[in-house]
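Protein chains in written order, with full-length UniProt numbering: chain L, 1 to 435; chain U, 1 to 435; chain R, 1 to 435; chain A, 1 to 435.
Built from N, CA and C at the ideal position, the CB exists for glycine as well.
Here the structure is a predicted model, which means the values were calculated and not measured.
Worksheet: one structure, shown below.
Protein chains: 4
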Amino acid sequence: MIPRYSRPEMASIWDPATKFRIWFEIEAHACDALAELGVIPKEAAKTIWERGGKAEFDVARIDEIEREVKHDVIAFLTHLSEFVGEDSRFVHQGMTSSDVLDTCLNVQLTRAADLLLKDLDALLAAIKKRAFEHKDTITIGRSHGIHAEPTTFGLKMAQAYVEFERCKERMLAARKEIATCAISGAVGTFANIDPQVEEHVAKAMGLEPEPVSTQVIPRDRHAMFFATLGVIASCIERLATEVRHLQRTEVLEAEEYFSEGQKGSSAMPHKRNPVLTENLTGLARLVRGMALPAMENVALWHERDISHSSVERMIGPDATVTLDFALVRLTGVIENLLVYPERMQENMDKLGGLVFSQRVLLALTQKGASREDAYRFVQRNAMPVWRGEGNFLELLKADKEVSAKLSDAELDELFDIGYHTKHVDTIFKRVFGKA
Amino acid sequence: MIPRYSRPEMASIWDPATKFRIWFEIEAHACDALAELGVIPKEAAKTIWERGGKAEFDVARIDEIEREVKHDVIAFLTHLSEFVGEDSRFVHQGMTSSDVLDTCLNVQLTRAADLLLKDLDALLAAIKKRAFEHKDTITIGRSHGIHAEPTTFGLKMAQAYVEFERCKERMLAARKEIATCAISGAVGTFANIDPQVEEHVAKAMGLEPEPVSTQVIPRDRHAMFFATLGVIASCIERLATEVRHLQRTEVLEAEEYFSEGQKGSSAMPHKRNPVLTENLTGLARLVRGMALPAMENVALWHERDISHSSVERMIGPDATVTLDFALVRLTGVIENLLVYPERMQENMDKLGGLVFSQRVLLALTQKGASREDAYRFVQRNAMPVWRGEGNFLELLKADKEVSAKLSDAELDELFDIGYHTKHVDTIFKRVFGKA
Amino acid sequence: MIPRYSRPEMASIWDPATKFRIWFEIEAHACDALAELGVIPKEAAKTIWERGGKAEFDVARIDEIEREVKHDVIAFLTHLSEFVGEDSRFVHQGMTSSDVLDTCLNVQLTRAADLLLKDLDALLAAIKKRAFEHKDTITIGRSHGIHAEPTTFGLKMAQAYVEFERCKERMLAARKEIATCAISGAVGTFANIDPQVEEHVAKAMGLEPEPVSTQVIPRDRHAMFFATLGVIASCIERLATEVRHLQRTEVLEAEEYFSEGQKGSSAMPHKRNPVLTENLTGLARLVRGMALPAMENVALWHERDISHSSVERMIGPDATVTLDFALVRLTGVIENLLVYPERMQENMDKLGGLVFSQRVLLALTQKGASREDAYRFVQRNAMPVWRGEGNFLELLKADKEVSAKLSDAELDELFDIGYHTKHVDTIFKRVFGKA
Amino acid sequence: MIPRYSRPEMASIWDPATKFRIWFEIEAHACDALAELGVIPKEAAKTIWERGGKAEFDVARIDEIEREVKHDVIAFLTHLSEFVGEDSRFVHQGMTSSDVLDTCLNVQLTRAADLLLKDLDALLAAIKKRAFEHKDTITIGRSHGIHAEPTTFGLKMAQAYVEFERCKERMLAARKEIATCAISGAVGTFANIDPQVEEHVAKAMGLEPEPVSTQVIPRDRHAMFFATLGVIASCIERLATEVRHLQRTEVLEAEEYFSEGQKGSSAMPHKRNPVLTENLTGLARLVRGMALPAMENVALWHERDISHSSVERMIGPDATVTLDFALVRLTGVIENLLVYPERMQENMDKLGGLVFSQRVLLALTQKGASREDAYRFVQRNAMPVWRGEGNFLELLKADKEVSAKLSDAELDELFDIGYHTKHVDTIFKRVFGKA
């Protein structure tokens, strides 16, 4: 968790203080259920909530105890007893440490998921706004980095929009994957604790009971969660890469926002680097790379081993904090993106209309020219344009064999950009429900 | 795609012959829609279906043409025209190669998903059968490879069952991710083809229209698909690892089925190696590793580049064929698994009842012993048992301070295995809806 | 192993026929050593070489036997006996299958390494040629995709050259990693075979004896080998990405060679897609992704399990064949790359000299201007240039405060490209030993 | 960088304070060279060393300046000027930020490599000690988790020893990969700075000049570095997995050291969990997973983009700190490993001598029995032993057809463990140069 790439909202989910608060809530809810079942006194459960609820847990103190007892949950319980007093002996009855640890991790991941969902909503809103703003902003579509046919900048945004809408669906599924709770004991048999306790705590914490836990909550859930983050990160990379391409000196159809005050902007006015989207590219690599260790975590030995723990201590915070940061950064990039429609037009015009060659070819064929002839007619007019000698439309009009098939008006129509944008509304309706 | 790890059902999905048949269907359905729109003659569409439908495409011939024209779709269309005749000029009107290629890939992946879902069903059935068969087969639960508390072999199976049920849910979601169709032209603007054609083809092929394609179907869908296969592979690894552990000489609580005729089984009767589950472990590594290239495929440049293609040519068949093979192999392993309940009991008995020490500790505390005292009492009886000197229950009964708190009958009850299995039915009901 | 991305030279290393030939050689060399030690008759060893040496092994026949005996090495030995006759009983004495399998795999990987080294040499030669050809071809250096300072195309090539020279060093190290031989028996103790046999076979096959094998050759060697291939693949991706950038429509400083006959080249003369380098980008993802399963293969259980085998059956051929193909393809791309120096100059000129702004700033400071003043002077002349209004050098000359510090001659000199290329020779000497 | 898995020695390399000290040294050495070249006054260089050398850089203050100027190197230089005074204007002349940043990163990685090499030496020493201690400690060798043939615990250690010796070689190569320095300016042309400055700084910092840098040092070097760490981590996983297996309840041939005082050790004396080696397994997953992002970092755009930076900010510290911690932890595990030779013998004896069946088979064949007969004789005596009915050696002696071929003395000899250990010295000599 690099402070530079962290937002406090997400980082705080991984604070020791947050963790201990969640631990307390799990324990206290369990006490409620145990009291209801008559295992511990109702009065004790009440006291635990009252005193523990007000307690300000001292992380340093807990660490100190842990160094002595070499056990994190015992250290916490010892510290808790300093607030709760004698009734603290009723806390954690019949439970194992993993009941607390695994349920807490899932609470943290669920909260992280909620924040990521919020981030995705903000990103979607930003993209949607730019999509409608530039619904009709003509730009050249590029395949293989080479000019292909015209499209609009709004369509680029619409593409990104549905892609991140899919990411939202995936995130919702990933959230569901890890929103489970286990209070099931040493090997998950509920030998020492009634399953009703698990049900109560699950409900109280906004989770589902884990159908079968084995001291631990099965790690396929977490693998799927982190794999999903990896896919979302890759979508971030895609949009970031688009911006990086658009900003390069020779293209310059869009730029990351660059405040006037930003150092160096004026002496080297061209030197506005797409550093935010480059950074997002790197962050995507990081988040993606964490999917693998998470998948390797699935095959724990027998009912559990603890090899997953070190992995999760790192990727739990790192993947969520990094993805949260990246989503928010990308949202800012899109919101503030400087878009240059004139430059888009200029770039498209550079090829003197050659991007319409395919359509001319098709029209000639439809007018009865053989494929070979049509090809030859188009070719002999395309080549000079390519060498920078002339405008494609003008040359075609001047070509006798072409004009024998297509009138000037028909040729003009072939070069009509409207041909390419006529279904923009259709696509927008698919994506946004309106155009 | 290694023949050794392939099943014909899945391999055939990736046959060139299958691919060309799908290409034909996409083209022919598109002709229907174009005919309906009046773009091409209805009679032509009919002829195309009739002649193409009966045609036996010659893969070698298509390859030969491709070597000449250096374009796979053109090669196919040329070959198709050899069957269809003159009307073949109406085929592919207004379409680009990617319309055919990407839609075909998704048809193949969808079919692969259907087969994997069938595999999962068979695996689930196999696991369920063994789960009920061994619902009450007592075995020691192990954390960290060390004996913890008793559980049942049926619970191990129930755990695997819900894990693969989750895999099925994930597979369904992954199938939905890639069941889309794009017939949208060079940069996805439908400039040369009506969106209704895409809608028709999608419906006819059992797909959804891709909301925004850009010549290509966006690769975040495929990334999610392959990431999901990676997670499922990791679940396979988990169950395979369990079998490998159970089969090791010192444990031997279960074994992969070993036919009497299998070479070497009798001269070295102990040398029955869990080679199938070891193999599954390796296959899991392979499938998992393919998730990363799939994620790197997402960030194509602008409207598309073709870097994804080589990746998919390899991992498309490899990941699905390997996972299919692995699921079927695992199903066989589970169906035929030799389970040794007596050996499970023997292993559990080896520790002379020490696995009950925790419960004795708890009982002593509940009877009023201080935590420190209880610990001391248990410890002094546990240590000789650990050294192989005596039985834990007997020693406890003979310990005066223990017997002052717990009667022989009470101690017997603490060593009752029923204490640990009392909620097996509860868990089975959660998992299977019945116990 | 996709035929499309395979060269016969590398693919043949992985042919079953090649494998069986290597198996034969290992067995026959072992017989020589056993005969020398007096374990088997010298005459038998001679017969084995003579008859086996001439034998044409029938892969289909061996497969057939394997289906029956379910053991690949036994199947081979059975087939071998069909050629060798009675003396075949002396073959494989005291050896285990892994002695043959693991040594053979390393022979194959060593041969693959040799081919890859040859590929690297050819690539290096191609890059070097283009480096000297374009040593002085001025082009703009770009950081963040934005024009920075001038460099030369030759320097770009020189950078690639040293990078692939490092790859060659790495490949040599990787070759050394896997050039080992093990003939050490069931758990590597040489219980049934003298270590001298291993030493003899190793020498005869051009390998080193594995210091400690445990039935298998330790897989950290293979992990390092495949990780190295992954790094080399990433270097291929770097150079491929450079070409893809240079070829994009707006830049077009270089292009993959495009034969005149290639379909579509003239009707859409701009539509020359960098499909080879895009393909290389995808191949790099594949090879890189195989490093992870190879690393997971290291932690075999105890003396060995067989989980590595399925992984290696796939990535052994796939990684080497794909990298070989990619290196050869990249060599072709570089050899035939169309380089457009004029376009490089044009692109550089587009910014009206702004790339020299930094140097002007520095010169003004050196002439005594405060940093703030210098910045202000440069800025007010840079901005109009940026807006396309004027040439930077002219504006500076016309600026009184600038000309008070720098004469026209001095300014001219600041815009001298020679300033930027003065150390090209130095760098070439570092890289090529000459300039 | 998780404090729990960090050692101060390695963590301190990544301290901001360390970084700024290295930045200072790079700048000051560059001043020396610039002074020598007459670019700046010698007196200034001297002052910079004197004042900067004594300065205690204030990290918080630099951060504060950075927030204002939004540039880390400028922030540092500003802070430095607060100590150095007016001569600070001679610092950084003709250099770019990357000259400082990239050279510094390589200094840090080189120091990290040195520490890792020291760790490897300590680990090797620990393994060697245990190897000689247990050179003759008989234990069963296991393939596929199943008893195979006897080996010694010392041989297991010897295997680990050579494996980590290879890791040391790899680490040395990795160190060499990243021990380079670049002071070459905006696109690496030395336009504004003489190459001699780079040579001087390189030498002074213990580095080699980077032959061709392009503002940045090429990232294939770092990819190779991190890939190497991934391989070493995988070797750690192998040895850790061995310990985990040996410690499991049913095997218990070795245990991680467990201090008497450690909580819970006596009440549940069997519950000594191999938590350190499980932890190492997880740490290996983490380090391995970082190789991929490092490889993706190689293909920077043109002369450089900054996508690598965020990746390195995370994996630079994380991979080195984690691997350092893991190596030291593994060293402790090996040094203190509790080894139980008696238990090893007991486990081996469990199969009643069946592990010698292969050798008996061989001996019978050598005595003239046909393979089929030999197999049958062995089989009929092996099966009862396998069912727990009798001792293999006794049964063989009582078998008439066996005793017709092999005398009791000969049979005894076949069961002689010395047969399996006769080459231990040979192997030790290979590994340690002595036995």
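Taking a Cβ distance cut-off of 7 Å, strictly less, list which residues of the stretch 304 to 315 of chain L are near chain U, in chain order. Arg304, Asp305, Ile306
Mind checking if Ser143(A) is an interface residue toward chain R, Cβ cutoff 8 Å exclusive? Counted from its first residue, the fourth sequence places residue 143(A) at position 143. By this cut-off, Ser143(A) is an interface position.
Span separating the alpha-carbon of Leu283(U) from that of Ala227(U): By one-based count along the second sequence, residue 283(U) stands at place 283. By one-based count along the second sequence, residue 227(U) stands at place 227. Between Leu283(U) and Ala227(U), the C-alpha separation is close to 15 Å.
When the cut-off is 8 Å and only beta carbons count, does Asn279(U) lie next to chain R? To locate residue 279(U), count along the second sequence from 1; it is residue 279. The C-beta of Asn279(U) comes closer than 8 Å to at least one C-beta of chain R.
State the CB to CB distance for the pair Ser97(L) and Val73(L), rounded to an integer number of angstroms; the pair is presumed to be in contact (CB under 8 Å). One-based indexing of the first sequence puts residue 97(L) at position 97. One-based indexing of the first sequence puts residue 73(L) at position 73. Contact between Ser97(L) and Val73(L) holds, with the beta-carbon distance rounding to 4 Å and staying under 8 Å.
Kindly indicate if chain U contains any beta-carbon less than 8 Å away from that of Pro269(R). The sequence position of residue 269(R) within the third sequence is 269, counting from 1. Interface residue (Cβ-Cβ distance to chain U less than 8 Å): Pro269(R) is not classified as such.
Any residues in the stretch 407 to 432 of chain R with a beta carbon nearer than 9 Å to a beta carbon of chain A? Which ones, in chain order? Tyr419, His420, Thr421, Lys422, His423, Val424, Thr426, Ile427, Arg430, Val431
With DSSP as the reference, label Ile2(R) as helix, strand or coil. For this step, residue 2(R) is matched to residue 2 along the third sequence. In the structure shown, Ile2(R) sits in coil (DSSP, three-state: anything other than H, G, I, E or B).
Which residues of chain L have a Cβ atom closer than 7 Å to the Cβ of Pro384(A), listed in chain order? Counting from one through the fourth sequence, the residue named residue 384(A) turns up at place 384. Those within 7 Å of Pro384(A) in chain L number zero; the least Cβ separation is about 31 Å.
Short CB-CB distance (under 8 Å) between Leu362(A) and chain U: Counting from 1 along the fourth sequence, the entry for residue 362(A) is found at position 362. Cβ-Cβ to chain U under 8 Å: no for Leu362(A).
How is Ser357(U) classed by DSSP in three states: helix, strand or coil? Within the second sequence, residue 357(U) is the residue found at index 357, counting from 1. Here Ser357(U) sits in helix by DSSP.
Element boundaries [alpha helix (DSSP H), containing Ser250(A)]: The residue you call residue 250(A) lines up with position 250 of the fourth sequence. In the sequence as presented, Ser is not what sits at residue 250(A); that position holds Glu. Element bounds for Glu250(A): n/a, residue is neither H nor E.
Burial state of Glu210(R) (16 or more Cβ within 10 Å): Walking along the third sequence from the start, residue 210(R) turns up at place 210. So Glu210(R) counts as buried.
Contact with chain A by Arg238(U), beta-carbon distance below 8 Å: Here residue 238(U) refers to the residue found at position 238 when the second sequence is read from its first residue. It does not: the Cβ of Arg238(U) has no partner Cβ on chain A nearer than 8 Å.
Pick helix, strand or coil for His147(U), following the three-state DSSP scheme. Residue mapping note: residue 147(U) aligns to position 147 of the second sequence, counting from 1. Of the three classes helix, strand and coil, the one that applies to His147(U) here is strand, per DSSP.
Please check the pair Asp102(A) and Ala182(A), which I expect to be a contact at CB under 8 Å, by giving their CB distance rounded to whole angstroms. Within the fourth sequence, residue 102(A) is the residue found at index 102, counting from 1. Within the fourth sequence, residue 182(A) is the residue found at index 182, counting from 1. That pair is a contact at about 6 Å.
Between Glu413(L) and the rest of its own chain, which residues show a CB-CB distance below 8 Å, the 5 nearest in sequence each way excluded? Stepping through the first sequence from its first residue, residue 413(L) is reached at position 413. Within the same chain, Glu413(L) has close Cβ partners Tyr419.
Where does the unbroken alpha helix (DSSP H) through Met295(U) begin, and where does it stop? Taking the first residue of the second sequence as position 1, residue 295(U) is located at position 295. First-last of the alpha helix (DSSP H) with Met295(U): 291 to 296.
Along the alpha helix (DSSP H) that carries Tyr375(R), what are the first and last residues, could you check? Taking the first residue of the third sequence as 1, we reach residue 375(R) at position 375. Tyr375(R): member of the alpha helix (DSSP H) spanning 371 to 386, first to last residue.
I need the straight-line Cα distance from Ile2(A) to Thr365(R), nearest angstrom please. The count along the fourth sequence starts at 1 and reaches residue 2(A) at position 2. The count along the third sequence starts at 1 and reaches residue 365(R) at position 365. Those two C-alpha atoms are separated by around 46 Å.
Return the residue from the list Lys367(A), Gln358(A), Glu208(A) that minimises the CA-CA distance to Gln379(A). By one-based count along the fourth sequence, residue 379(A) stands at place 379. For the residues Lys367(A), Gln358(A), Glu208(A), the minimum Cα distance to Gln379(A) belongs to Gln358(A).
May I ask which residues mark the beginning and end of the alpha helix (DSSP H) holding Ile65(U)? The residue given as residue 65(U) occupies position 65 in the second sequence. Where Ile65(U) is concerned, the enclosing alpha helix (DSSP H) stretches over 59 to 69.
Please report how far the alpha carbon of Pro41(R) lies from the alpha carbon of Arg51(R), in whole angstroms. Residue 41(R) sits at position 41 when you count from the first residue of the third sequence. Residue 51(R) sits at position 51 when you count from the first residue of the third sequence. In this model, Pro41(R) and Arg51(R) are separated by some 16 Å (Cα to Cα).
Give the single residue among His302(R), Met295(R), Gly352(R) whose Cα lies nearest to the Cα of His245(A). As a first step, residue 245(A) must be located in the fourth sequence, where it is residue number 245. The shortest C-alpha separation from His245(A) is found at His302(R).
Contact criterion: CB-CB distance below 8 Å. Does His134(U) meet it with respect to chain A? As a working note, residue 134(U) is residue 134 in the second sequence. No, no contact with chain A.
For the stretch 210 to 242 of chain A, which residues have a beta carbon sitting closer than 7 Å to at least one beta carbon of chain R? Pro211, Val212, Thr214, Gln215, Pro218, Asp220, Ala223, Met224, Ala227, Gly230, Val231, Ser234, Cys235, Glu237, Arg238, Thr241, Glu242
Here's the rule I'm using: 16 or more other beta-carbon atoms within 10 Å means buried, otherwise exposed. How should Tyr5(A) be labelled? Sequence index remark: in the fourth sequence, residue 5(A) carries index 5 (1-based). Around the CB of Tyr5(A), 16 or more other CB atoms lie within 10 Å, so the residue is classed as buried.
8 Å Cβ shell around Gly368(L) - same chain, five flanking residues per side excluded: For the purposes of this step, residue 368(L) is taken as residue 368 along the first sequence, with counting starting at 1. Hits under 8 Å: Lys405.
Closer than 9 Å, Cβ to Cβ, to anything on chain U: give me those residues from the stretch 184 to 196 of chain L, in chain order. So the close ones are Ser184, Gly185, Ala186, Val187, Gly188, Thr189, Phe190, Ala191, Asn192, Asp194, Pro195.
Since Asp296(L) contacts Pro274(L) with CB under 8 Å, what's their CB separation in whole angstroms? The residue given as residue 296(L) occupies position 296 in the first sequence. The residue given as residue 274(L) occupies position 274 in the first sequence. Strictly speaking, residue 296(L) in this sequence is Glu, with Asp absent from that position. Actually they are not in contact, since the Cβ atoms of Glu296(L) and Pro274(L) sit about 34 Å apart, beyond 8 Å.
Between Arg4(U) and chain R, is there a C-beta pair that is closer than 8 Å? For this step, residue 4(U) is matched to residue 4 along the second sequence. Output row for Arg4(U): interface = yes.
When you compare each of Cys31(U), Ala179(U), Lys19(U) to Val91(U) by their alpha carbons, which one comes out closest? Taking the second sequence and counting its residues from 1, the one referred to as residue 91(U) is at position 91. Here the closest residue by C-alpha is Cys31(U).
Coarse secondary structure for Pro8(R), derived from DSSP in three states: Looking up residue 8(R) in the third sequence gives position 8. The answer is helix: DSSP assigns Pro8(R) an H, G or I state.
If you draw a straight line from the C-alpha of Glu56(R) to the C-alpha of Ala299(A), how long is it? Translated into positions along the third sequence, residue 56(R) becomes position 56. Translated into positions along the fourth sequence, residue 299(A) becomes position 299. Going by the C-alpha atoms only, they are around 47 Å apart.
Excluding sequence positions up to five away, which residues of its chain have a Cβ less than 8 Å from the Cβ of Pro150(U)? If you number the second sequence from 1, residue 150(U) lands on position 150. Once the five neighbours on either side are set aside, the close Cβ partners of Pro150(U) are Ile138, Thr139, Ile140, Gly141, Met348, Val355, Ile417, His420, Thr421.
Please check if any C-beta of chain A sits within less than 8 Å of the C-beta of residue 441(U). Because chain U spans 1 through 435 in this model, residue 441(U) falls outside it and cannot be assessed.
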